[in-house]
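Single-structure report; data block below.
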Amino acid sequence: MQRSRVKDILNREAAGGPVLVQGWVKTRRSSGAVSFIQISDGSTLKDLQIVVEQSSPHYALVESLNTGCSVSVTGELVESQGRGQKYEVNAQTVQLLGPADPEEYPLQKKRHTLEFLREIAHLRPRTNTFGAMARVRNGMAYAIHRFFQERGFQYIQTPMITASDAEGAGSMFRVTTLDLQEPPRRDGAVDAAEDFFGRPTYLTVSGQLEAEIFALALSDVYTFGPTFRAENSNTSRHLAEFWMVEPEVAFCDLDGLAELAEDFLKDIFRYALDNCAEDMAFFNQWYDKSTIATLEGIINSSFERLTYTEAVKLLESSGESFEFPVAWGLDLQSEHERYLTEKRVGRPVVVTDYPRGIKAFYMRLNDDGETVRAMDVLVPRIGEIIGGSQREERPDILLERMQQAGLDAANYWWYLDLRRYGTVPHAGFGLGFERTVQFATGMQNIRDVIPFPRTPKNVEF
Ligand code: 4AD
Ligand code: MG
Numbered sequence: 423m424q425r426s427r428v429k430d431i432l433n434r435e436a437a438g439g440p441v442l443v444q445g446w447v448k449t450r451r452s453s454g455a456v457s458f459i460q461i462s463d464g465s466t467l468k469d470l471q472i473v474v475e476q477s478s479p480h481y482a483l484v485e486s487l488n489t490g491c492s493v494s495v496t497g498e499l500v501e502s503q504g505r506g507q508k509y510e511v512n513a514q515t516v517q518l519l520g521p522a523d524p525e526e527y528p529l530q531k532k533r534h535t536l537e538f539l540r541e542i543a544h545l546r547p548r549t550n551t552f553g554a555m556a557r558v559r560n561g562m563a564y565a566i567h568r569f570f571q572e573r574g575f576q577y578i579q580t581p582m583i584t585a586s587d588a589e590g591a592g593s594m595f596r597v598t599t600l601d602l603q604e605p606p607r608r609d610g611a612v613d614a615a616e617d618f619f620g621r622p623t624y625l626t627v628s629g630q631l632e633a634e635i636f637a638l639a640l641s642d643v644y645t646f647g648p649t650f651r652a653e654n655s656n657t658s659r660h661l662a663e664f665w666m667v668e669p670e671v672a673f674c675d676l677d678g679l680a681e682l683a684e685d686f687l688k689d690i691f692r693y694a695l696d697n698c699a700e701d702m703a704f705f706n707q708w709y710d711k712s713t714i715a716t717l718e719g720i721i722n723s724s725f726e727r728l729t730y731t732e733a734v735k736l737l738e739s740s741g742e743s744f745e746f747p748v749a750w751g752l753d754l755q756s757e758h759e760r761y762l763t764e765k766r767v768g769r770p771v772v773v774t775d776y777p778r779g780i781k782a783f784y785m786r787l788n789d790d791g792e793t794v795r796a797m798d799v800l801v802p803r804i805g806e807i808i809g810g811s812q813r814e815e816r817p818d819i820l821l822e823r824m825q826q827a828g829l830d831a832a833n834y835w836w837y838l839d840l841r842r843y844g845t846v847p848h849a850g851f852g853l854g855f856e857r858t859v860q861f862a863t864g865m866q867n868i869r870d871v872i873p874f875p876r877t878p879k880n881v882e883f
């Protein structure tokens with residue numbers, strides 16, 4: 423007989439028929455002459471109840487089962503007499519696949535703290551919370567591909583090892599095979615010419631620059647892959663390794679890009695509500711009772727548009743006492759972003775046209791010479807979820823901006839070539855996938871929405 427998934431069993435039209443099901447024991451209890459085992463195989467949040475009669479030859483084994491062990495069960499699918507489930511399995515055979523010593527198994531019936539669960543990230547997928555997390559993450563990843571594929575965007579795989587700093591912000595991890603004890607030296611300095619690639623290389627902070635290459639040939643493209651940032655930020659919204667979705671569109675300006683971002687966010691949130699309903703209800707009940715209402719609100723609202731200059735004026739006249747200063751020319755901090763989207767507007771806000779000094783070299787310079795065509799999308803609780811811009815397509819201005827940013831133009835010769843040969847207006851953004859899942863589930867800490875978080879001093883598993 424073929425194994426059936428718990429999810430498929432519970433979705434059947436009617437009871438009846440033999441089933442083979444396999445999974446991990448959540449709980450087991452005896453009552454009168456029967457034993458009840460709740461098993462989970464991770465295909466759904468729901469457990470399947472297995473009923474074993476005392477007269478069964480397997481009863482003694484069943485009595486010894488405890489939380490965490492794995493079992494294989496055959497039996498008859500029947501309508502459940504008990505409350506809380508539609509069907510249950512009347513067991514014919516129960517086989518122990520793998521024991522889990524109850525004295526040692528770290529996941530007990532009680533509710534564990536999220537901090538403790540991070541220390542056992544190899545077992546936390548078996549909890550309701552992390553099973554639900556994995557399924558919502560999966561659903562949203564699928565929704566992202568679906569959104570772009572349905573709109574004719576090509577999925578591009580950009581390199582993870584790179585020689586250029588896409589953001590010009592210098593927070594990159596070095597990639598090297600040199601002997602760190604005794605690296606080859608030339609004129610006192612480490613000789614990168616001896617390294618694997620013959621020059622300094624890093625893990626990429628963004629696939630944008632390479633995505634631009636493809637946008638300037640295929641028009642509508644996107645990337646979806648891991649990115650790495652060696653920022654020493656120990657916050658609830660920063661990871662050293664995170665996944666980013668980066669659409670890049672040719673013949674598009676900032677207004678077109680903002681529209682795309684709004685449609686995109688609404689579409690993937692709608693997908694999560696419709697297709698991960700059970701798991702979303704779980705997060706809404708146990709983690710943040712406003713999660714679903716917030717998502718519904720966003721899907722049904724239109725995003726506010728503010729320029730950076732307008733945003734600064736609103737912040738200055740807000741009467742709030744912020745920890746960080748507000749003044750034209752300073753970057754917006756998370757507390758400012760949250761004030762704007764949560765208190766001031768109550769909806770997502772697209773802030774545009776930031777001062778050139780606080781944004782990356784590739785953003786298109788406005789006619790005022792002071793601001794660039796940047797765009798950040800801010801959402802309640804998280805702040806910045808998307809960062810993007812219209813790109814500088816004029817070669818002379820781009821070169822100037824690179825020099826001002828202290829970048830070596832020789833490293834970006836190919837990026838400049840794109841402006842020398844058939845340049846066109848184009849724009850793109852990056853969506854932080856973990857921040858998106860964090861927002862959609864109402865989870866407080868970004869470490870709890872990625873299977874194995876990488877943060878400063880933390881790289882177990
Ligand atoms: O605003 P960022 O730095 O933009 C870029 O990297 C552009 N190259 C994107 C583009 O235009 N193609 O990052 C984009 C998003 C942020 O809005 C945020 O959601 C997320 O990536 N992000 C992080 N998420 C988790 N941990 C970090 N350390 C993050 N840094 C950025
Ligand atoms: Mg940003």
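Using the working numbering, read the sequence shown as starting at 423 and increasing by one per residue. For every residue, glycine included, the Cβ atom is placed at its ideal position computed from N, Cα and C.
Per-residue DSSP class, three states only, for residue i
i: N706; result: helix
i: A556; result: helix
i: F673; result: coil
i: H660; result: coil
i: I885; result: Since the first residue of the chain shown is 423 and the last is 883, residue 885 is not available in this structure.
i: E792; result: coil
i: Y624; result: strand
i: D884; result: The requested residue 884 is not part of the displayed model; the chain covers only 423 to 883.
i: G719; result: helix
i: F744; result: coil
i: H848; result: strand
i: I807; result: strand
i: P648; result: strand
i: E726; result: strand
i: R434; result: coil
i: Q579; result: coil
i: D642; result: strand
i: D601; result: coil
i: G404; result: As displayed, the chain neither begins before 423 nor continues past 883, which places residue 404 out of reach and without an answer.
i: R692; result: helix
Distance, residue j Cα to residue i Cα
i: L838; j: A652; result: 26 Å
i: L682; j: F744; result: 32 Å
i: S593; j: L679; result: 26 Å
i: F575; j: A699; result: 28 Å
i: A585; j: I635; result: 16 Å
i: T649; j: L625; result: 7 Å
i: I868; j: D790; result: 38 Å
i: G852; j: L487; result: 48 Å
i: R727; j: A543; result: 40 Å
i: S658; j: Q866; result: 7 Å
i: K508; j: E501; result: 6 Å
i: E814; j: R548; result: 48 Å
i: T763; j: S740; result: 13 Å
i: I714; j: A554; result: 15 Å
i: L687; j: D523; result: 45 Å
i: Q444; j: N433; result: 17 Å
i: W750; j: R621; result: 39 Å
i: K448; j: L820; result: 59 Å
i: D818; j: N788; result: 14 Å
Near the ligand MG: residue i beta-carbon under 7 Å from a heavy atom
i: D753; result: no
Proximity test, residue i beta-carbon vs the ligand 4AD heavy atom, cut-off 7 Å
i: M555; result: no
i: A611; result: no
i: E541; result: no
i: L529; result: no
i: M865; result: no
i: R450; result: no
i: R651; result: yes
i: F569; result: no
i: F664; result: yes
i: F851; result: yes
i: L661; result: yes
i: V627; result: yes
i: F856; result: The question names Phe, but residue 856 in the sequence shown is Glu. Indeed, a heavy atom of the ligand 4AD lies less than 7 Å from the Cβ.
i: A588; result: yes
Touching by the beta-carbon criterion (3+ pairs, under 8 Å), the region 453–465 and the region 424–432: yes
Inter-stretch contact (C-beta, 8 Å, three-pair minimum) for the region 771–785 and the region 797–815: yes
Those runs of the alpha helix (DSSP H) which lie wholly inside the region 525–553 and span at least 4 residues: 536–541
Which runs of the alpha helix (DSSP H) fall wholly inside the region 746–781 and span at least 4 residues, in chain order? 756–760
Meets three-Cβ-pair contact criterion under 8 Å: the region 838–849 and the region 652–672: yes
Within the chosen definition, does the region 444–457 reach the region 467–477 through at least 3 CB pairs nearer than 8 Å? yes
Test item, CB below 7 Å from any non-hydrogen atom of the ligand NAP: By its list of ligands, the structure shown excludes the ligand NAP, since it contains just the ligand 4AD and the ligand MG.
Sufficient close CB pairs (3 or more, under 8 Å) joining the region 781–790 to the region 587–602: yes
Is it the case that the region 636–644 contacts the region 559–578, given that we only count it when at least three CB pairs across the two stretches are under 8 Å? yes
Does the pairing of the region 727–738 with the region 700–710 give three or more beta-carbon distances under 8 Å? no
Which whole runs of the alpha helix (DSSP H) in the region 807–880 are 4 residues long or more, in chain order? 817–826, 835–842, 855–863
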